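Below you'll find the structure, written out as structure tokens, and then a few comments.
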Amino acid sequence: WVSPSPLSSPHPHRGLVLPNGFSLSPPVSPRPPAPDVIYVGTVNPQHLPATLLFLRARKAVLVEKPLGISAREAKEMAAAAREAGVFLMEGFWTRFFPAWKRLRALVDEGALGECRVLQGALAFPLLAVERLREPSLGGGVLLDLGGYGLQMASALLGGGCPPLRLRAEGYLHPS
């Protein structure tokens, strides 16, 4: 049984105050909370400090995608999880859809033939979605939403090996 406790901040740029003494605004003085697993769903630039705070408190962490805003951040979180001996996962919810599991099974069984190319498109109005266009929020559609195509390509093509080539196209927002 999972009983989630939502966390939010009306002012994400000022930090996020968390239960039981956890805080992402200085000073940080963690006292481990009762939950065994923490979900970090803050804006992208807060993923690293929030995740490290909980990993160092020996809590398993599920981080909303993207895991970090750089490879360095992702590696730092992975190292902290290994050091603490706790679970860390990037939260791609689509990986758990029944249709996705069925597609993976069909590919693994060879029922669809050899997958060589994956072409996808993700299109919907984004101008009103601040986190996708503002650099201060770790913005960028490729970083925030492009992972869906990347994780699908890595799961379906090449038997788990990284794709040989990736190409992304789009338009730059003025900011």
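For the sequence shown, the UniProt record's numbering assigns the number 1 to the initial residue and increments by one for each residue that follows. The beta-carbon is built from N, C-alpha and C at its ideal position, and this holds for glycine as well. Note that the structure is a prediction, hence the values are computed from the model and not measured.
Over what stretch of residues does the beta strand (DSSP E) that includes residue i continue unbroken?
{"i": "valine 141", "result": "Not the beta strand (DSSP E): valine 141 falls in the alpha helix (DSSP H), residues 141–144."}
{"i": "alanine 60", "result": "60–64"}
{"i": "glutamate 90", "result": "88–91"}
{"i": "valine 129", "result": "Neither: valine 129 is in no beta strand (DSSP E) and is coded neither H nor E."}
{"i": "valine 117", "result": "Valine 117 -> no beta strand (DSSP E), and no H or E assigned at all."}
{"i": "isoleucine 38", "result": "37–40"}
Who are the near neighbours of residue i in its chain, counting only those whose CB is closer than 7 Å to its CB and skipping five residues on each side?
{"i": "proline 135", "result": "Ser175"}
{"i": "proline 26", "result": "At proline 26, the pLDDT of 44 sits below 50, so the modelled position is not reliable; the number obtained from the coordinates is stated separately. Answer for proline 26: no residue qualifies."}
{"i": "leucine 118", "result": "Met152, Ala153, Leu156, Leu157"}
{"i": "leucine 173", "result": "Here residue 173 is histidine; the residue named in the question, leucine, does not match the sequence. So the qualifying residues of the chain are Arg133."}
{"i": "glutamate 130", "result": "Leu137"}
{"i": "alanine 111", "result": "none"}
{"i": "arginine 165", "result": "none"}
When you compare the CB positions of residue i and residue j, do they come within less than 9 Å of one another, or not?
{"i": "valine 61", "j": "valine 37", "result": "yes"}
{"i": "leucine 137", "j": "proline 66", "result": "no"}
{"i": "leucine 55", "j": "valine 107", "result": "no"}
{"i": "glycine 146", "j": "alanine 121", "result": "no"}
{"i": "isoleucine 69", "j": "leucine 142", "result": "no"}
{"i": "alanine 80", "j": "phenylalanine 87", "result": "no"}
{"i": "glutamate 76", "j": "leucine 52", "result": "yes"}
{"i": "histidine 47", "j": "glutamate 73", "result": "yes"}
{"i": "proline 35", "j": "lysine 59", "result": "yes"}
Quick one: what does DSSP say residue i is sitting in, helix, strand or coil?
{"i": "tyrosine 171", "result": "coil"}
{"i": "alanine 123", "result": "coil"}
{"i": "cysteine 161", "result": "coil"}
{"i": "valine 17", "result": "Per-residue confidence for valine 17 stands at a pLDDT of 47, beneath the threshold of 50, marking its modelled position as unreliable; the derived number appears in the next sentence. DSSP places valine 17 in strand when its eight states are reduced to three."}
{"i": "serine 70", "result": "coil"}
{"i": "alanine 50", "result": "helix"}
{"i": "alanine 57", "result": "coil"}
{"i": "leucine 137", "result": "helix"}
What residue range does the alpha helix (DSSP H) around residue i cover?
{"i": "valine 156", "result": "Correcting the residue identity first, residue 156 is leucine in this sequence and not valine. It spans 147–156 - the alpha helix (DSSP H) in which leucine 156 sits, taken as one unbroken run."}
{"i": "valine 107", "result": "98–109"}
Tell me which same chain residues have a C-beta within less than 8 Å of the C-beta of residue i, skipping the five on either side of it?
{"i": "arginine 116", "result": "Leu157"}
{"i": "arginine 104", "result": "Ala155, Leu156"}
For residue i, I'd like the list of residues in its chain whose CB is within less than 6 Å of its CB, leaving aside the five on either flank, ordered along the chain.
{"i": "alanine 39", "result": "With the sequence shown as reference, residue 39 is identified as tyrosine, and alanine is not the correct amino acid for it. Only Leu62 meet the Cβ criterion."}
{"i": "glutamate 64", "result": "Gly41, Gly91"}
Less than 8 Å separating the Cβ of residue i from some heavy atom of the ligand NAP?
{"i": "proline 98", "result": "The ligand NAP is not among the ligands present in this structure, which contains no ligands whatsoever."}
Within 8 Å, do at least three Cβ pairs link the region 92–105 to the region 151–158? yes
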